[in-house]
Ligand SMILES: NC(=O)c1ccc[n+]([C@@H]2O[C@H](COP(=O)([O-])OP(=O)(O)OC[C@H]3O[C@@H](n4cnc5c(N)ncnc54)[C@H](O)[C@@H]3O)[C@@H](O)[C@H]2O)c1
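Residue numbers (the UniProt record's numbering): 1 to 306.
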């Protein structure tokens, strides 16, 4: 199949593109390199440097006629969304609307959208399913949820199938310190440079960390399964930030005391995603546990001498 991946040069996108190529798909990336680097783009890929909001994107759809669109390009920084909600909405909501209009006009067979657990907002300290009430704490969470709603209504009005994937905190090689799951990459960068990592709040906040290669697999499975469904893509395990740092320090054999700072606006206290629906319908299960994923990630940062 011919698959167009917006944001395909990014952290998660580059892993998705690698897996698509391995799976024999013809792959096109549209990325403006706002938060990524050309050297992270897998070879053997048709790379188009373009903003998804550029009117020239229509020409790409007309010329390439992709079968599937995997939409990952986004403003991904929660803090930026709080400071500048207009910019966040322009990129995430309007960018998505423009893109899905081209999907209709050029007969795309399916849209696969990268959403986020940020749509749920604060949850109880327990595992949550996709039917948990939506109440985002940041404009980023709101713009992701609004995009989900546009995609669903657009799909019912125009009969274009979709799959929405709500990721937990994604981590792994090539991640920068920005974005949602950036804590692991930030901590490794600090630890490897013998600097103290910062912990916001008391460090007892929990996160569901999911390895990027597992997230890439969820996207590839969604090409042929899970039509018109929303899935949590997480490990269904929770780890506190304090616990995480302890594991990372032991992997790196260092002992550094973190710096404490006050909690940040828009940060959620607990996050754990029930992944039963993805297992049942997509046949997706995470194949990396936290220790294996952290080990791979640590080796990557060490080899890059970051
Ligand atoms: N990293 C996580 O933990 C996480 C969690 C939940 C959801 N997500 C979602 O997954 C997707 C990928 O996130 P990521 O962590 O890989 O972030 P990333 O910043 O590494 O990747 C986003 C990519 O999109 C590109 N981009 C941004 N705006 C663009 C625009 N207007 N036009 C064209 N390209 C543009 C960037 O240059 C970058 O290559 C995003 O939609 C994000 O919201 C990420």
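For glycine and all other residues, C-beta sits at the position ideal for the given N, C-alpha and C.
beta-carbon residue i near ligand 1 non-hydrogen atom, thresh 7 Å
| i | result |
| --- | --- |
| residue 275 | no |
| residue 34 | yes |
| residue 11 | yes |
| residue 7 | yes |
| residue 119 | no |
| residue 1 | no |
| residue 202 | no |
| residue 62 | no |
| residue 116 | yes |
| residue 31 | yes |
| residue 272 | no |
| residue 267 | no |
| residue 95 | yes |
| residue 51 | yes |
| residue 83 | no |
| residue 91 | yes |
| residue 72 | yes |
| residue 169 | yes |
Span separating the alpha-carbon of residue i from that of residue j
| i | j | result |
| --- | --- | --- |
| residue 146 | residue 93 | 7 Å |
| residue 291 | residue 247 | 8 Å |
| residue 260 | residue 205 | 13 Å |
| residue 116 | residue 176 | 18 Å |
| residue 233 | residue 276 | 10 Å |
| residue 44 | residue 286 | 27 Å |
| residue 238 | residue 110 | 32 Å |
| residue 131 | residue 23 | 32 Å |
| residue 67 | residue 253 | 48 Å |
| residue 27 | residue 128 | 34 Å |
| residue 160 | residue 9 | 25 Å |
| residue 34 | residue 41 | 14 Å |
| residue 97 | residue 242 | 40 Å |
| residue 278 | residue 139 | 26 Å |
Segment limits, beta strand (DSSP E) that includes residue i
| i | result |
| --- | --- |
| residue 81 | From DSSP, residue 81 is part of no beta strand (DSSP E) but of the alpha helix (DSSP H) over 78-83. |
| residue 29 | 26-31 |
| residue 110 | 110-116 |
| residue 151 | Unbroken run through residue 151 is the alpha helix (DSSP H), 139-158; no beta strand (DSSP E). |
| residue 247 | Note, residue 247: premise wrong, no beta strand (DSSP E); alpha helix (DSSP H) at 241-252. |
| residue 260 | 259-261 |
Cβ-heavy atom distance, residue i to ligand 2, below 7 Å
| i | result |
| --- | --- |
| residue 292 | Ligands in the displayed structure: ligand 1; ligand 2 is not one of them. |
Cutoff 8 Å: residue i Cβ touching any chain C Cβ
| i | result |
| --- | --- |
| residue 90 | No chain C is present in this structure, which holds just one protein chain. |
Limits of the alpha helix (DSSP H) - the one that residue i falls within
| i | result |
| --- | --- |
| residue 105 | 95-105 |
| residue 292 | 290-304 |
* When the Cβ atoms of the region 68-75 are set against those of the region 7-23, are three or more pairs found closer than 8 Å? -> yes
* Asked: For the region 104-114 against the region 42-53, are there 3 or more C-beta pairs whose distance is under 8 Å?
  -> no
* Asked: Pairing CB atoms from the region 144-160 with CB atoms from the region 183-196, are three or more of them under 8 Å?
  -> no
* Asked: What are the complete alpha helix (DSSP H) segments, minimum 4 residues, inside the region 166-232?
  -> Assignment of alpha helix (DSSP H) within the region 166-232, counting only whole runs of 4 or more residues, yields 183-192, 212-221 in chain order.
* Does the region 265-272 come close enough to the region 222-232 to have 3 or more Cβ pairs within less than 8 Å? -> no
* To do: Check whether the region 160-169 touches the region 202-217, counting contact only when three or more Cβ pairs, one atom from each stretch, lie closer than 8 Å.
  => yes
* **alpha helix (DSSP H) runs contained entirely in the region 3-68, provided each spans 4 or more residues** => 11-22, 57-64
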